[in-house]
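Just so you know, we're using UniProt numbering here: the sequence shown kicks off at 1 and counts up by one.
Read the structure below first, then the notes.
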Amino acid sequence: MTAKTTLNTPATPSATPSCPSCGFALSPSPSPQADLLLARQKIAQLESIITDLNAKASDAVRRCAKYDEELHALRAQHRPSTPSQSQPDAPSTSSPSSIASRQSPTLPYRLSALLYPRKSSLPLRLAPGLAPPLPPLSPATTIPSTEHLMEALTREQALRREAEGRLSATSKEVEELSVSLFEQANEMVASERRARALLEERVDELEKRDGEKRRRLERLEAAMARIQRVRNLLDG
């Protein structure tokens, strides 16, 4: 009898990994280099999106600033004609610019805050050229808001009213002083005229008295001459 030898060959493991619990075939995991390239591509896309959003936000802030300047110029033009109508328009005009200036700078920061923690959680080291860009500084901080402009407008109006009140008071004082000066001048002229009339009357009286004295002297001289002639006749 010939003995049959059976060789038990070990079973070769399957190339595709499977779940140990259910036996479901899993897809082979890609290489780490592919993961790194894919992550870098996603990061570059997110950075481009963030830069676009920052550019749009800065454009919106510039437009809001331009609208605020135009609004301030229009109010400055219409201020002398309609000063009372500039105050009720503050709530309707200040709300879009203030909301845009408040919401537009915060949008890139929120997006960057949501995206950068995910990038930091990945165990990757970015290249020096792929560093995340810093959000640009919005010019809304240097532009005064509409509320400040309205406060400055109210202060200017109050100062203008105060200056107008002072001007009216000084004009009244000048008018009163001019009236009093004219009255004093008229009184002085009238008193001088009265004094002159009195002097003229006294001069006339003195002239009359002088004439009477002259006539009396003439009569006395004539009488003395007659008396002297009579004495001469009596003595002779």
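Using N, Cα and C, we set each Cβ at its ideal position, and we do this for glycine too.
Everything numeric in this text was worked out from a predicted model, so none of it was measured.
Which of the three DSSP states is assigned to residue i in this structure?
{"i": "S145", "result": "coil"}
Quick one: measure Cβ to Cβ for residue i and residue j, integer angstroms, because I've assumed they're closer than 8 Å.
{"i": "residue 237", "j": "D59", "result": "The question about residue 237 has no answer here: the residues shown for the chain are numbered 1 through 236."}
{"i": "H72", "j": "L149", "result": "5 Å"}
{"i": "L153", "j": "R75", "result": "7 Å"}
Report buried or exposed for residue i, applying the criterion of at least 16 other Cβ atoms within 10 angstroms of its Cβ.
{"i": "I50", "result": "buried"}
{"i": "N232", "result": "exposed"}
{"i": "N186", "result": "exposed"}
{"i": "V203", "result": "exposed"}
{"i": "A65", "result": "buried"}
{"i": "V61", "result": "buried"}
{"i": "A163", "result": "exposed"}
{"i": "A55", "result": "exposed"}
{"i": "A57", "result": "buried"}
{"i": "I227", "result": "exposed"}
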